[in-house]
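Enquirer: The structure that follows is given in the form of structure tokens.
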Amino acid sequence: MDIDARQLAVVLAVHNKVISIVVDAQSNNNQQQIITTANSSLTTCAKIRTNCSTRDGLIVPLWRPQIGISTGDKISRAIVYLFALIYLFIGVAIISDRFMAAIEVITSQKREIRKKNPDGTFSVTTVSIWNETVSNLTLMALGSSAPEILLSIIEVVGKNFESGDLGPGTIVGSAAFNLFVIIAICIISIPRGEVRRIRHLRVFFVTTTWSIFAYIWLWAIVAKITPGLIDVVEGTLTFLFFPLTVFSAYIVDTKVGNYLRVRITSQKRVQLNREGQIISEQNEMIDGDFVKDGLRKNTYTQQNETDLLTHDKKNPTGISKSISGAILNQMGDSSHDALWYEQVEQQRRQEFINIWKELRNLHPDYDVKLLNEMAVVEMMNRVPKSRAYYRIQATKRLGGGGNVKRKLLEKLNEPDRTDLDKTQTNDVTSSANITKIRFEPSHYTVLENAGYVTLYIVREGGNMRNSIYVDYSTEDGTATHGQDYVAAEGTLIFYPTETRKQIQIKIIDDEIFEEDEHFTVKLSNIRVKDSQGRLTPGAYDKTVLLSEPTSAIVMVIDDDHSGMFVFEAEEKVVIESDKVVTIKVLRTSGARGRVCVPYSTEDETAKSGKDYQTTMGEVIFENNENEKTIEVPILDHDQYERNETFLLRLGEPVLIEEEREIPLTEEEQRIADLGRPKLGEKHLLRIRIRESKEFKNAVDKALYKANTAIVVGTSTWIEQFKQAFCVKDDEDDDGDADKQQATCKDYMLHFISFFWKFLFAFVPPTSMAGGWACFVVSILIIGVLTAFIGDLATQFGCTIGLTDTMTAIAFVALGTSLPDTFASKVAAEHDKYADSSIGNVNGSNAVNVFLGIGLPWAMSAWYHYFKNTKFVVEKGSLSFSVTLFCSFAAVAILLLMLRRLKCFGGGELGGPFKYRLISSLLFLLLWILYLIFSGLENYCRINV
């Protein structure tokens, strides 16, 4: 019995030992598997490593219970999550409308540059503060990609600075959607027979290089350099690549690109000049731009260069030095940006004027105001527009928001501040309570033999029941009282209801030849007598005053001579829109007899038949007649600036003598010869044709108002609430908005989006703080909505069994990119170039990586560095998605470059329908393959 017990104990001990060994082995094996899994997550299926947790989201709580729910419950929850996501995407699109409007206002700000001219005067040029390339890669890219960027940042912060899959997956998925789907839609959307090319090809190459480098760098730091970890250097460098991208694009677009462009074009022209040949390179393509674009910052125009080259063919060396000097001056001139902007403004003005002329030819019966409005709308349709403008218009198509054309015309018809000030001043001074006394007219001409001259004084405004007393008196000029006229003084009395009085002054006639003379009559000492008989001086009664003119000039014309014939002045300025210039010919120092005065026009800078019509003839002065007029037709060219002159010359006047029955004696003939007509000193008149100030101001105002920042921006909260209640976006009606009613679809979209439109109407208008107030508030709201989207997207993926990566690529990226899709389509259809539609896609992709992934990873890396921990970023599907995207992106860029060849259409967008269709299908195929391969790898159907 004892032996059996001992044997049993031995057996049990051996059994326990064996079990312990097996358990230890199994434990070691499991530990090794855990280590292997940590080192290489590619061997573990992402679906097994579910991202669903039992914790609530950052804002949205978890929908409990999560375990033991039926398939019907899962479907119901998925539908709720899906519609909530869609509604949030609508909200993000609408607040992005406000955000992009703020960006448009900020980037359209201008500053003035003063430049001293050689004559000592200063010219002021208005230039943009923001460079177009810098704004596109910074604020514009941030505006279009703000949801993806903020989603990545919020996800990291919400997970206590631990990595997630939703943010990076959304950024990579959005990049794929932008590059493949948006370009496919833009290619096929171009009207038949039209082509769109990328204008700034150098910038496109730079942003493309940075975009591909961004994803290669992302793959390198996740999978190769420090697999599974992101250290401080990697995170910080990823973020710093963002400003480096902007700076390099700016350098290529301005300094380096301009230097290379000028050097290449100048060398080629100098070489041709040495051979004695002159050619025009206006249409030659250099580095993707026309030569005209290459000269955009030059201090000399292409026409000036041509004049320089043709100046002296026998001295090519001298010409070469002149061109080189021009280049060096251009490269060293700090004001070349101002000159470039001035050239751009001149081009814009000329384009507006051409539009205005075309419209006037089509509608000759329309008035100037209506033509201006039509020209502004047409100019707004033609001018290049930013990505922000198209993004905002795409959002307005979703839920209404006001008629852009109507808003543009309202801005155009707004009175200027100076006009308002003048109106207010006139209202104050023209008060109905003030009585004004003045001469009307203030200049009188009378013949010496007339006997009397009558002057008129009028009374205006105020209390017409009062009597007004005002004194008058004469004052000598060149005419002397007692010899040329009889001095007069006295008091005029305006009795109640009287509005007009007159003064008669006697003129003394003599037989002496003399120059024309003048004297003055002045008003003074105004007094008012009320209904009770009280007489109050005007100094103490502010209800009456002497208004200009308070003096009148009387010109006495001598009638003892046939006269001297002159113009009023030596130069006369005429506005081209007047169509006719009327010139007075004066007869001074006599008015006796009938006189014929010939006249004719002569060219100076103004040419006959081109700027004015040749005019010649003669004017006949009757006896005692002292004034005649000549009319010269002016040809209106509707020029913004015009300064041309021609001459009008008077010929020798001829006295038309009547036949006398009795011949004159010798003495009578001598006296008659002394009185013959003569030309005065001012017998030659220079007529200067100037531009119409009204037309020039209309052009300036139209070009200022035809600004997308003014159209898309808002000035008051009232305007924003009016837009919120607007049902229909009338822009699609092509000017017939008042005739077409909103459809059922319009009302449905309005009611769906009304909550967001009304809520976001509380955002500060873009007119506040230069748009920055709207910018800050909008980005905060986008951040809050993005936090909701992140929570709902995660729970939606958990409900239907999708990982965060696939949820981000297939759903979130699609939702955040749809407004950009519509914006790019509209830009492709309406813009002359492809930059706004696809040229900025690569820039946005690079910014998304460097800012949307670099910033949160840099923050997390530094956070873990100070806590002495490691920031773990599992390779997972990210490295595979990045590798796949880079491969497909290279194929897409190659296809775009091939499409620039003439045989494939000659441009990135449009072209023959066959090639358009094939290209679009290829781009869509790349996106579909990207989704398929990403899904297969994410669920471990493909092991890499």
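Under UniProt numbering, the sequence shown has 782 at position 782, and the numbering climbs by one with no breaks. Don't be surprised by glycine CBs; every beta carbon is placed ideally from N, CA and C.
(1) Do you know offhand how far Glu602's Cα is from Val521's?
(2) With the cut-off set at 8 Å, would you say Ser189 and Glu908 are in Cβ contact?
(3) Spell out the partners DSSP gives Cys596 in its beta bridges.
(4) For Pro147, count the other beta carbons within 10 Å of its own beta carbon; 16 or more makes it buried, fewer makes it exposed. Which is it?
(5) So what does DSSP say about Ala552, is it helix, strand or coil?
(6) Can at least three beta-carbon pairs, one atom from the region 762-773 and one from the region 101-115, be found at a separation below 8 Å?
(7) CB-CB under 8 Å to His864, same chain, minus the five flanking residues each way: which ones, in chain order?
(8) Would you mind giving the Cβ-Cβ distance between Tyr612 and Phe646, rounded to the nearest angstrom? I have them listed as a contact below 8 Å.
(9) Rounded to whole angstroms, how far is the Cβ of Phe177 from the Cβ of Ser817, which I believe are closer than 8 Å?
(10) Return helix, strand or coil for Asp643, following the three-state DSSP convention.
(11) What does DSSP give as the partner residue(s) for His481 in the beta ladder?
(12) With 16 as the cutoff for other CB atoms within 10 Å, does Met806 come out buried or exposed?
(13) Taking the C-alpha atoms as reference points, what is the distance between Phe758 and Val574?
(14) Would you tell me roughly how many angstroms separate the C-alpha atoms of Ser108 and Leu917, rounded to the nearest one?
(15) What residues in its chain sit with their C-beta under 7 Å from that of Asp835, if we drop five residues either side in the sequence?
(16) Is the Cβ-Cβ distance between Ala861 and Ile230 less than 8 Å?
(17) Mind checking whether Ser442 and Ala569 have CB atoms under 8 Å apart?
(18) What's the C-alpha gap between Tyr444 and Arg114?
(19) Can you give me the Cβ contacts of Glu194 inside the same chain, cut-off strictly under 6 Å, excluding the 5 residues immediately before and after it?
(20) Taking the C-alpha atoms as reference points, what is the distance between Pro856 and Val156?
(21) Compare the Cα-Cα distances from Asn938 to each of Thr435, Leu924, Lys875 and report the closest residue.
(22) I want to know whether the region 797-804 touches the region 129-139 - three or more CB-CB distances under 8 Å.
(23) List the endpoints of the continuous alpha helix (DSSP H) containing Glu104.
(24) Would Leu151 and Thr794 be called neighbours here (beta carbons separated by less than 8 Å)?
(25) Based on the DSSP secondary-structure assignment, which residues constitute the bridge partners of Glu460?
(26) Short of 8 Å in beta carbon distance, which residues of its chain neighbour Lys542, apart from the five on each side in sequence? Order them along the chain.
(27) Please list the terminal residues of the continuous alpha helix (DSSP H) segment that includes Asn938.
(28) The ligand NAP heavy atoms versus the CB of Asp638: any closer than 7 Å?
(29) Leu898: which of Ile154, Tyr915, Val882, Phe885 sits nearest, CA to CA?
(30) Could you round the C-beta distance between Ala93 and Pro819 to whole angstroms and report it? I think they count as a contact, below 8 Å.
(31) Take Ile182 as the anchor and find which of Ser934, Ala813, Gly906 has the nearest alpha-carbon.
(32) Which residues does DSSP list as the beta-bridge partners of Thr821?
(33) What did DSSP end up calling Lys369 once you bin it into helix, strand or coil?
(34) DSSP beta-bridge partners for Gln613?
(35) Taking buried to mean at least 16 other C-beta atoms within 10 Å of its own C-beta, is Gly235 buried or exposed?
Expert: Straight from the coordinates:
(1) Taking the first residue of the sequence shown as position 1, residue 602 is located at position 602. Taking the first residue of the sequence shown as position 1, residue 521 is located at position 521. Glu602 and Val521: Cα-Cα distance of roughly 41 Å.
(2) For the purposes of this step, residue 189 is taken as the residue at position 189 of the sequence shown. For the purposes of this step, residue 908 is taken as the residue at position 908 of the sequence shown. Going by C-beta atoms, Ser189 is not nearer than 8 Å to Glu908.
(3) Position 596 of the sequence shown holds residue 596. Looking at the DSSP assignment, Cys596 forms a beta bridge with Ile620, Val654.
(4) Reading the sequence shown from its first residue, position 147 is the one you call residue 147. Its Cβ being crowded by 16 or more others within 10 Å, Pro147 is buried.
(5) Mapped onto the sequence shown, residue 552 falls at position 552. Three-state result, Ala552: strand.
(6) yes
(7) Position 864 of the sequence shown, counting from 1, holds the residue named residue 864. Phe161, Lys870, Phe871, listed in sequence order.
(8) Position 612 of the sequence shown, counting from 1, holds the residue named residue 612. Position 646 of the sequence shown, counting from 1, holds the residue named residue 646. With 8 Å as the limit, Tyr612 and Phe646 qualify as a contact, their Cβ atoms being about 6 Å apart.
(9) By one-based count along the sequence shown, residue 177 stands at place 177. By one-based count along the sequence shown, residue 817 stands at place 817. Right, their Cβ atoms sit about 5 Å apart.
(10) Within the sequence shown, residue 643 is the residue found at index 643, counting from 1. First, the residue type needs correcting, since residue 643 is Asn and not Asp in the sequence shown. If DSSP states are grouped into helix, strand and coil, Asn643 belongs with the strands.
(11) For the purposes of this step, residue 481 is taken as residue 481 along the sequence shown, with counting starting at 1. DSSP, once it has assigned bridges, lists Tyr485 as partnering His481.
(12) Taking the sequence shown and counting its residues from 1, the one referred to as residue 806 is at position 806. Buried.
(13) Counted from its first residue, the sequence shown places residue 758 at position 758. Counted from its first residue, the sequence shown places residue 574 at position 574. For Phe758 and Val574, the distance between alpha carbons rounds to 54 Å.
(14) By one-based count along the sequence shown, residue 108 stands at place 108. By one-based count along the sequence shown, residue 917 stands at place 917. Rounded to whole angstroms, Ser108 to Leu917 spans 37 Å at the Cα level.
(15) Locating residue 835 in the sequence shown gives position 835, counting from the first residue. So the qualifying residues of the chain are Ile198, Arg199, His200.
(16) Counting from one through the sequence shown, the residue named residue 861 turns up at place 861. Counting from one through the sequence shown, the residue named residue 230 turns up at place 230. Yes; because the gap between Cβ atoms is below 8 Å, this pair is in contact.
(17) Locating residue 442 in the sequence shown gives position 442, where the first residue counts as 1. Locating residue 569 in the sequence shown gives position 569, where the first residue counts as 1. Taking 8 Å as the Cβ cut-off, Ser442 and Ala569 do not qualify as a contacting pair.
(18) Translated into positions along the sequence shown, residue 444 becomes position 444. Translated into positions along the sequence shown, residue 114 becomes position 114. Cα-Cα distance, rounded: 47 Å.
(19) One-based indexing of the sequence shown puts residue 194 at position 194. Excluding residues within five positions, the ones whose Cβ falls inside 6 Å are Gly910.
(20) Numbered from 1 along the sequence shown, position 856 holds the residue referred to as residue 856. Numbered from 1 along the sequence shown, position 156 holds the residue referred to as residue 156. Taking the straight line from one Cα to the other gives about 6 Å.
(21) Taking the sequence shown and counting its residues from 1, the one referred to as residue 938 is at position 938. Of the candidates Thr435, Leu924, Lys875, the one whose C-alpha sits nearest the C-alpha of Asn938 is Lys875.
(22) no
(23) Counted from its first residue, the sequence shown places residue 104 at position 104. Glu104 -> alpha helix (DSSP H) spans 71-107.
(24) Stepping through the sequence shown from its first residue, residue 151 is reached at position 151. Stepping through the sequence shown from its first residue, residue 794 is reached at position 794. No.
(25) Start at 1 with the first residue of the sequence shown, and residue 460 comes out as number 460. In DSSP, Glu460 forms a bridge with Lys436.
(26) Taking the first residue of the sequence shown as position 1, residue 542 is located at position 542. Excluding sequence neighbours, Lys542 sits near Ile434.
(27) Within the sequence shown, the letter at position 938 stands for residue 938. Taken as a continuous stretch (DSSP letters only), the alpha helix (DSSP H) holding Asn938 covers 913-938.
(28) Ligands are entirely absent from the displayed structure, and the ligand NAP is therefore not among its contents.
(29) Along the sequence shown, read from residue 1 onward, the residue named residue 898 stands at position 898. Of the candidates Ile154, Tyr915, Val882, Phe885, the one whose C-alpha sits nearest the C-alpha of Leu898 is Tyr915.
(30) If you number the sequence shown from 1, residue 93 lands on position 93. If you number the sequence shown from 1, residue 819 lands on position 819. Correct: roughly 5 Å between the Cβ atoms.
(31) On the sequence shown, position 182 is the one that residue 182 refers to. Looking at the Cα atoms, Ala813 is the closest of the given residues.
(32) For the purposes of this step, residue 821 is taken as residue 821 along the sequence shown, with counting starting at 1. None; Thr821 has no bridge partner.
(33) Working through the sequence shown from its first residue, we reach residue 369 at position 369. Here Lys369 sits in helix by DSSP.
(34) Numbered from its first residue, the sequence shown carries residue 613 at position 613. Looking at the DSSP assignment, Gln613 forms no beta bridge with any residue, so it has no partner.
(35) For the purposes of this step, residue 235 is taken as the residue at position 235 of the sequence shown. It counts as buried.
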